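A quick write-up on the structure given underneath.
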Amino acid sequence: MAQMTMIQAITDALRCELKDDENVLVFGEDVGVNGGVFRATEGLQKEFGEDRVFDTPLAESGIGGLSIGLALQGYRPVPEIQFFGFVYEVMDSISGQLARMRYRSGGSLNAPVTIRSPFGGGVHTPEMHSDSLEGLVASQPGLKVVVPSTPYDAKGLLISSIRDNDPVVFLEHLKLYRSFREEVPEESYTIPLGKADVKREGKDLSIFAYGAMVHESLKAAEALEKENYSVEVVDLRTIQPLDIETIIASVEKTGRAIVVQEAQKQAGIAANVVSEITERAILSLEAPVLRVTAPDTVYPFPQAEAVWLPNSKDIIATAKKVLEF
Amino acid sequence: MASKKGQQFDPVANLHEIEEKFEMFQILNEEGEIVNESANPNLSDEELVELMSRMVFTRILDQRSISLNRQGRLGFYAPTAGQEASQIASHYALEKEDYILPGYRDVPQIVWHGLPLWKAFLWSRGHFVGGQVPEGVNILAPQIIIGAQYVQTAGVALGMQKRGKKAVAVTYTGDGGSSQGDFYEGINFAGAFKSPAIFIVQNNQYAISTPRELQTAASTIAQKGIAAGLPSIQVDGMDPLAVYVATRDARKRAVAGEGPSLIETICYRYGPHTMAGDDPTRYRTSDTDSKWEKKDPIVRFRKYLTEKGLWSEEKEAEVIEKAKEEIKAAIKKADEAPKQKVTDLINIMNEEMPANLKEQYEIYAQKESK
Chain A
1 MAQMTMIQAI TDALRCELKD DENVLVFGED VGVNGGVFRA TEGLQKEFGE
51 DRVFDTPLAE SGIGGLSIGL ALQGYRPVPE IQFFGFVYEV MDSISGQLAR
101 MRYRSGGSLN APVTIRSPFG GGVHTPEMHS DSLEGLVASQ PGLKVVVPST
151 PYDAKGLLIS SIRDNDPVVF LEHLKLYRSF REEVPEESYT IPLGKADVKR
201 EGKDLSIFAY GAMVHESLKA AEALEKENYS VEVVDLRTIQ PLDIETIIAS
251 VEKTGRAIVV QEAQKQAGIA ANVVSEITER AILSLEAPVL RVTAPDTVYP
301 FPQAEAVWLP NSKDIIATAK KVLEF
Chain B
1 MASKKGQQFD PVANLHEIEE KFEMFQILNE EGEIVNESAN PNLSDEELVE
51 LMSRMVFTRI LDQRSISLNR QGRLGFYAPT AGQEASQIAS HYALEKEDYI
101 LPGYRDVPQI VWHGLPLWKA FLWSRGHFVG GQVPEGVNIL APQIIIGAQY
151 VQTAGVALGM QKRGKKAVAV TYTGDGGSSQ GDFYEGINFA GAFKSPAIFI
201 VQNNQYAIST PRELQTAAST IAQKGIAAGL PSIQVDGMDP LAVYVATRDA
251 RKRAVAGEGP SLIETICYRY GPHTMAGDDP TRYRTSDTDS KWEKKDPIVR
301 FRKYLTEKGL WSEEKEAEVI EKAKEEIKAA IKKADEAPKQ KVTDLINIMN
351 EEMPANLKEQ YEIYAQKESK
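Those sequence lines, one after another, are chains A and B.
If you use the numbering used here, the first sequence corresponds to residues 1 to 325, in order.
If you use the numbering used here, the second sequence corresponds to residues 1 to 370, in order.
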């Protein structure tokens with residue numbers, strides 16, 4: 001088994017699928033010769049040719065429309081939106097068109113498109129490069145939204161997304177691309193969409209998180225363990241649809257929960273998780289379910305992002321409120 | 001390098017020069033006379049009669065659809081009268097393997113491409129069976145978002161190119177649609193990939209109420225194609241022969257690997273934008289209406305065919321009668337479709353129903369069983 005960073009695991013997943021299925025096409029801005037601005041498609045054009053891996057003109061809506069049209073010709077497009085902050089340019093293609101292909105065709109057509117896109121803060125980007133806009137797409141019926149937090153998960157989830165016969169938005173946190181390596185099998189494998197993963201087991205509190213916040217939550221859990229709190233960390237992995245079964249099982253076990261998201265409080269996946277818990281497990285709860293989120297402002301100028309972004313200290317503080325309620 | 005006075009590049013003169021080159025292409029004039037013999041496609045007698053029959057059918061379909069809408073027997077409807085040459089003659093130049101991405105006014109083309117009429121009526125009523133594309137029919141249901149079909153056309157065309165198909169993707173929008181970003185992104189993508197696509201703009205002079213001259217400073221919409229490297233033409237959209245030839249030639253270039261084309265058809269919609277309350281008297285005068293009615297595609301084609309001894313009042317009456325019968329039968333069939341349910345919709349949203357929808361399915365199944 002090889003040690004891979006998340007970006008390497010993503011490239012590897014694309015390579016596996018390009019190899020396995022001749023209908024898989026990888027395209028976007030600068031994904032060809034350049035291998036993508038983050039090198040997610042490094043070497044793929046050389047290996048699979050310009051017919052399968054290609055650059056497009058610089059227009060996100062065009063890339064979205066191109067994906068839909070290619071899907072109608074039996075392809076399995078894997079377009080890249082260079083930064084998810086640019087998603088506003090392609091919102092109609094995603095939410096207005098892709099997500100509605102089955103609806104609009106009365107179930108006679110489908111669009112197996114996987115839109116990959118980097119997002120997330122902490123790396124001092126210019127404006128519109130770090131925003132957590134997953135809530136926008138997660139609120140659109142007809143889409144699945146996947147956010148991996150580890151190299152192993154990234155590869156398995158991306159392969160599942162590409163093989164899914166419905167559209168998937170696959171969001172890759174910028175800060176996780178090269179933050180650590182782990183063992184990733186070189187062969188193809190899948191991780192089911194819609195399944196959360198208990199990254200750390202615990203008895204006193206459940207923390208639900210996704211993306212980079214999984215790691216902040218794990219840090220917090222370790223710190224809390226030193227204070228004799230046993231904390232469970234559940235990585236949602238797919239934020240639409242949510243794995244309600246795993247969420248509820250965890251809450252029924254611990255009786256206390258917090259939900260962590262990098263996005264603003266008003267822009268939330270966390271609110272959905274809290275609602276599911278209160279609707280389904282209120283009698284198991286020993287304390288209110290609280291959220292750790294960014295404040296309800298636009299994503300800040302880079303000089304303020306360290307404070308703006310939720311971190312393990314914020315998580316510990318909120319966790320204690322719930323643990324000591 | 002310094003240029004001498006008078007030899008400097010003159011962007012204003014250059015613009016005028018380009019714009020002047022976009023003359024409206026016409027073959028058959030308002031009087032039904034061939035004015036451009038060298039461009040005459042010389043369709044066979046049978047083809048001429050078929051094209052005329054389809055236009056007459058489509059005019060009757062429009063009249064019946066408007067009255068069915070008024071009776072509450074159809075839902076959303078965007079009238080087509082006046083646009084028969086633009087719609088039907090462009091479609092007549094296509095082949096079955098070509099793929100059509102229509103706008104919401106382009107129902108006739110997809111019906112002639114193979115969508116059963118009763119399904120088109122169900123689509124109008126908002127029944128999901130209306131959007132179901134029959135196997136082997138290369139169409140999408142009409143697009144509601146103006147311009148979205150343009151970017152998708154670039155994708156279908158690229159897919160056809162990659163598959164090595166000798167076919168084209170064809171899309172339609174209006175003069176208003178040509179102001180959308182997706183219009184430009186669509187033609188630009190298809191141009192950059194040199195994909196087999198035909199982009200048709202039916203310039204019917206008004207985007208709901210907004211007149212053509214408020215859409216753009218460009219003197220023609222056709223010239224917008226030049227910016228994306230597309231061979232582009234402005235045709236008399238009330239002249240079936242000119243529309244046919246422009247589309248036929250664009251198709252030839254596309255399947256020969258020469259890339260996409262843009263066609264602007266100058267036409268007019270006699271009716272309102274849609275049947276949902278638009279009142280054209282707020283933005284058009286009856287003088288304008290009657291000026292355009294004199295250019296009517298069916299009137300001029302009738303003259304041309306009658307002169308050639310190919311058409312008669314009896315023949316037209318026969319086509320009208322047949323159209324009425326087919327429309328009646330299609331409405332009857334549409335009436336037989338089961339009432340659409342929320343549970344049907346929940347069923348078709350995903351390949352595999354997620355847990356949240358499974359729960360909601362139960363709730364609506366119970367509601368709808370009452």
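Glycine is no exception: its CB is placed at the ideal position from the N, C-alpha and C atoms.
Since the model is a prediction, treat every value here as computed from it, not as a measurement.
Nearest residue (CA-CA) to residue i, options the options
i, options, result
"residue 281 (chain A)", "A:246, A:169, A:52", "A:246"
"residue 22 (chain A)", "B:40, B:163, B:281", "B:163"
"residue 102 (chain B)", "B:87, B:116, B:95, B:278", "B:87"
"residue 96 (chain B)", "B:51, B:167, B:217", "B:167"
"residue 98 (chain B)", "B:165, B:116, B:309", "B:165"
"residue 194 (chain A)", "A:172, A:233, A:289, A:145", "A:145"
"residue 135 (chain A)", "A:182, A:98, A:248, A:261", "A:261"
"residue 65 (chain A)", "B:25, B:184, B:365, B:332", "B:184"
"residue 7 (chain A)", "A:288, A:43, A:53", "A:43"
"residue 90 (chain B)", "B:250, B:305, B:281, B:243", "B:243"
"residue 211 (chain A)", "A:119, A:289, A:55, A:307", "A:119"
Residue i versus residue j - alpha carbon distance
i, j, result
"residue 217 (chain A)", "residue 296 (chain A)", "21 Å"
"residue 8 (chain B)", "residue 21 (chain B)", "22 Å"
"residue 156 (chain B)", "residue 125 (chain B)", "28 Å"
"residue 147 (chain A)", "residue 241 (chain A)", "12 Å"
"residue 100 (chain A)", "residue 142 (chain A)", "6 Å"
"residue 136 (chain B)", "residue 74 (chain A)", "13 Å"
"residue 297 (chain B)", "residue 53 (chain B)", "12 Å"
"residue 123 (chain B)", "residue 129 (chain B)", "7 Å"
"residue 85 (chain B)", "residue 197 (chain B)", "20 Å"
"residue 18 (chain B)", "residue 180 (chain A)", "58 Å"
"residue 1 (chain B)", "residue 10 (chain B)", "Unreliable positioning characterises residue 1 (chain B) in this predicted model, as indicated by a pLDDT of 48, which lies under 50. The coordinate reading is nonetheless provided below. When rounded, the distance between both Cα atoms is 16 Å."
"residue 51 (chain B)", "residue 233 (chain B)", "22 Å"
"residue 248 (chain B)", "residue 235 (chain B)", "13 Å"
"residue 317 (chain A)", "residue 324 (chain A)", "11 Å"
"residue 63 (chain A)", "residue 308 (chain B)", "50 Å"
Presumed contact (8 Å Cβ cut-off) between residue i and residue j, rounded CB distance
i, j, result
"residue 78 (chain B)", "residue 273 (chain B)", "7 Å"
"residue 189 (chain B)", "residue 57 (chain A)", "6 Å"
"residue 89 (chain A)", "residue 130 (chain A)", "With 8 Å as the limit, residue 89 (chain A) and residue 130 (chain A) do not qualify as a contact, their Cβ atoms being about 17 Å apart."
"residue 264 (chain B)", "residue 210 (chain B)", "With a Cβ gap of about 17 Å, residue 264 (chain B) and residue 210 (chain B) do not count as contacting."
"residue 121 (chain B)", "residue 276 (chain B)", "In fact, because the Cβ distance is near 17 Å, the residues do not count as touching under 8 Å."
Residue i, DSSP secondary structure in three states
i, result
"residue 232 (chain A)", "strand"
"residue 1 (chain A)", "coil"
"residue 171 (chain B)", "strand"
"residue 178 (chain B)", "helix"
"residue 88 (chain B)", "helix"
"residue 205 (chain A)", "strand"
"residue 257 (chain A)", "strand"
"residue 268 (chain B)", "coil"
"residue 173 (chain A)", "strand"
"residue 206 (chain B)", "strand"
"residue 114 (chain A)", "strand"
"residue 1 (chain B)", "Low confidence applies here, because residue 1 (chain B) scores a pLDDT of 48, under 50, leaving its location unreliable; read the following figure in that light. In this structure, residue 1 (chain B) counts as coil in the three-state DSSP scheme."
"residue 165 (chain B)", "coil"
"residue 52 (chain A)", "coil"
"residue 28 (chain A)", "strand"
"residue 283 (chain A)", "helix"
"residue 125 (chain A)", "coil"
Beta-carbon spacing of residue i, residue j below 8 Å
i, j, result
"residue 285 (chain A)", "residue 255 (chain A)", "yes"
"residue 205 (chain A)", "residue 189 (chain A)", "no"
"residue 137 (chain A)", "residue 94 (chain A)", "yes"
"residue 109 (chain B)", "residue 147 (chain B)", "no"
"residue 13 (chain A)", "residue 175 (chain A)", "no"
"residue 116 (chain A)", "residue 109 (chain A)", "no"
"residue 245 (chain B)", "residue 27 (chain B)", "yes"
"residue 69 (chain A)", "residue 159 (chain B)", "yes"
"residue 187 (chain B)", "residue 94 (chain B)", "no"
"residue 81 (chain B)", "residue 106 (chain B)", "no"
"residue 161 (chain A)", "residue 114 (chain A)", "yes"
"residue 144 (chain B)", "residue 104 (chain B)", "yes"
"residue 49 (chain B)", "residue 311 (chain B)", "yes"
"residue 158 (chain A)", "residue 10 (chain A)", "yes"
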